[in-house]
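FYI, in this note's numbering the residues of the sequence shown are 9 to 300.
Glycine is no exception: its CB is placed at the ideal position from the N, C-alpha and C atoms.
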Amino acid sequence: MTRSGFVALAGRPNVGKSTLVNAVVGNKVAIVSDRPQTTRRAIRGVHTSAQSQLVLVDLPGVQRPRDALTARMARRVTQELEGADAALLILNGEQGVGPGDHYIAQTLAEANAPVTVAVNKVDRLSRAQTLQALTEAAELPVGEHVFAVSARTGEGVHALVEHLAEHMPEGPFMFDADERSDQPQELLLAELIREAVIRRTFQELPHAVEVVLEEIEYPRPELARIRALIWVESDSQKGILIGAHGRMIKAIGTAARRECQRELGCQVHLDLAVRVRREWRADEGLLDRLGI
Ligand SMILES: Nc1nc2c(ncn2[C@@H]2O[C@H](COP(=O)(O)OP(=O)(O)OP(=O)(O)O)[C@@H](O)[C@H]2O)c(=O)[nH]1
Ligand SMILES: [Mg+2]
Numbered sequence: 009m010t011r012s013g014f015v016a017l018a019g020r021p022n023v024g025k026s027t028l029v030n031a032v033v034g035n036k037v038a039i040v041s042d043r044p045q046t047t048r049r050a051i052r053g054v055h056t057s058a059q060s061q062l063v064l065v066d067l068p069g070v071q072r073p074r075d076a077l078t079a080r081m082a083r084r085v086t087q088e089l090e091g092a093d094a095a096l097l098i099l100n101g102e103q104g105v106g107p108g109d110h111y112i113a114q115t116l117a118e119a120n121a122p123v124t125v126a127v128n129k130v131d132r133l134s135r136a137q138t139l140q141a142l143t144e145a146a147e148l149p150v151g152e153h154v155f156a157v158s159a160r161t162g163e164g165v166h167a168l169v170e171h172l173a174e175h176m177p178e179g180p181f182m183f184d185a186d187e188r189s190d191q192p193q194e195l196l197l198a199e200l201i202r203e204a205v206i207r208r209t210f211q212e213l214p215h216a217v218e219v220v221l222e223e224i225e226y227p228r229p230e231l232a233r234i235r236a237l238i239w240v241e242s243d244s245q246k247g248i249l250i251g252a253h254g255r256m257i258k259a260i261g262t263a264a265r266r267e268c269q270r271e272l273g274c275q276v277h278l279d280l281a282v283r284v285r286r287e288w289r290a291d292e293g294l295l296d297r298l299g300i
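Here is the structure:
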């Protein structure tokens, strides 16, 4: 009998949820950055072995909503946690357990799904610091099982995956064995471009940016031509993204093209345009269409 199920990832922004999903899947299915609130949508990352299929649901970090966009992100977290077979609470071992973690743990304790805790980023900790972080994690009101992991190096990830898979309900696989994610490729490509933007911008700008893939075509089998729009909310943000003599947008394009080439396994022509779309983060109809 096989086992399969969904594990929703809960945690503060920036603790390494998306990095962990990528490590478990073995492919980049979710973008990663050191800016908080990088993830905006729920992304399912699939790990299949002979006997089990573990579907990790990457989610936005839990934070107080500020606008329609972040309110939707928070609602999504609640919905996915309700629908999952289990929850994985991720902590940043470098920062220790804080009030935000306690708040999330309390919310999880009130829900029905079993909770496992992972203390992440232990590659940055000494043995003594790791033990201290594990002790703090064990004092939370959830999680019989606490794991020390590094999503970056992969340390401890195998043991965590085995544990989660063993606790999934018995049942048939929900994804084909070679599927890595439920995310359409066009969305992943747009996200890879957004990652390149986020990694080069500061303060409010990363939050004000959305990327929309307009077109992808293959003039030859070994060449993809991608047209994408980068939305920002003001002219000054547009100016920053383009940069002096277009240097910023050029650097973003180079980084994003490399990522798209890796994903598609062929040459990529990337055509980026920056557009001002005022207050897109407050536009509910638009957020619907963006699938957020
Ligand atoms: N040293 C170290 N850094 C890590 C590890 N895991 C993640 N990071 C870094 O932490 C930062 C945040 O990682 P993400 O995976 O984007 O975090 P997240 O929890 O998905 O963040 P949000 O989507 O904003 O909620 C990035 O700079 C990662 O490279 C780890 O195990 N070790
Ligand atoms: Mg993330």
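Cα separation between residue i and residue j?
i	j	result
G104	M256	36 Å
R308	E187	The structure shown does not extend to residue 308, since the chain spans only 9 to 300, so no value can be given for it.
P192	A119	30 Å
L196	T78	20 Å
Q137	G162	18 Å
L89	S12	16 Å
R283	A290	17 Å
S60	G151	22 Å
G194	A264	Strictly speaking, residue 194 in this sequence is Glu, with Gly absent from that position. E194 and A264: Cα-Cα distance of roughly 14 Å.
E223	L298	15 Å
L133	E102	7 Å
I39	T47	7 Å
I238	A126	35 Å
E230	Y111	50 Å
V23	N128	7 Å
G69	Q45	6 Å
G254	A145	47 Å
A216	R83	20 Å
E147	K246	47 Å
L67	A92	12 Å
H166	I248	42 Å
R80	R20	16 Å
P73	V85	12 Å
A58	R135	34 Å
A185	V33	12 Å
Q114	V130	24 Å
L294	T262	29 Å
G164	D279	41 Å
Less than 7 Å between the CB of residue i and some heavy atom of ligand 2, yes or no?
i	result
A306	In the structure as shown, the chain begins at 9 and stops at 300. Residue 306 is therefore absent and cannot be evaluated.
T47	yes
S4	Nothing can be reported for residue 4, as the shown portion of the chain is limited to 9 through 300.
D66	yes
Look up residue i in the DSSP assignment and give the residues it is bridged to.
i	result
V217	Beta-bridge pairing links V217 to no other residue.
N22	N22 is not bridged to any residue.
W239	E218 and R283
H55	L62
Q275	L231
N30	N30 is not bridged to any residue.
N128	N100
E267	Paired residue(s): none; E267 is not in a bridge.
S134	Paired residue(s): none; S134 is not in a bridge.
L77	The partner list for L77 (beta bridge, DSSP) is empty, contrary to what the question assumes.
L17	L96
E223	R235
S189	G53
Report yes if the C-beta of residue i is less than 7 Å from at least one heavy atom of ligand 1; otherwise report no.
i	result
N120	no
V217	no
G69	yes
D42	yes
D109	no
P214	no
P177	no
A113	no
G7	This structure cannot settle anything about residue 7, because the visible part of the chain is limited to 9 through 300.
R202	no
S158	yes
N35	no
R270	no
R52	no
In terms of alpha-carbon separation, which member of the options lies closest to residue i?
i	options	result
E218	A156, L172 and I300	I300
T56	S189, P149 and T124	S189
V123	V33, A198, L172 and A264	L172
L213	E170, S158, E287 and A82	E287
M228	H277, H110, A159 and L89	In the sequence on display, residue 228 carries Arg and not Met. Comparing Cα positions, the closest option is H277.
P149	L116, A159 and G261	L116
N30	Q45, V63, M9 and T10	V63
V54	Q45, R43 and K36	K36
Q211	R43, A236 and R20	R43
E267	R72, I201 and P107	I201
D296	R20, A76 and V33	A76
R233	T27, A259 and C274	C274
L221	A281, L139 and L142	A281
A236	S242, S244 and E225	E225
Counting contacts by CB-CB distance shorter than 8 Å, is residue i in contact with chain B?
i	result
P122	Protein chains in the displayed structure number just one, and chain B is not present.
Can you determine whether any heavy atom of ligand 3 sits closer than 7 Å to the C-beta of residue i, and answer yes or no?
i	result
R83	By its list of ligands, the structure shown excludes ligand 3, since it contains just ligand 1 and ligand 2.
With a threshold of 8 Å, are at least 3 pairs of Cβ atoms found where one atom belongs to the region 11 to 18 and the other to the region 88 to 96?
Yes: at least three Cβ pairs fall under 8 Å.
Stretch-stretch touch, CB-based, cutoff 8 Å, three pairs: the region 168 to 184 with the region 203 to 216
Here the region 168 to 184 does not lie against the region 203 to 216, with fewer than 3 beta-carbon pairs under 8 Å apart.
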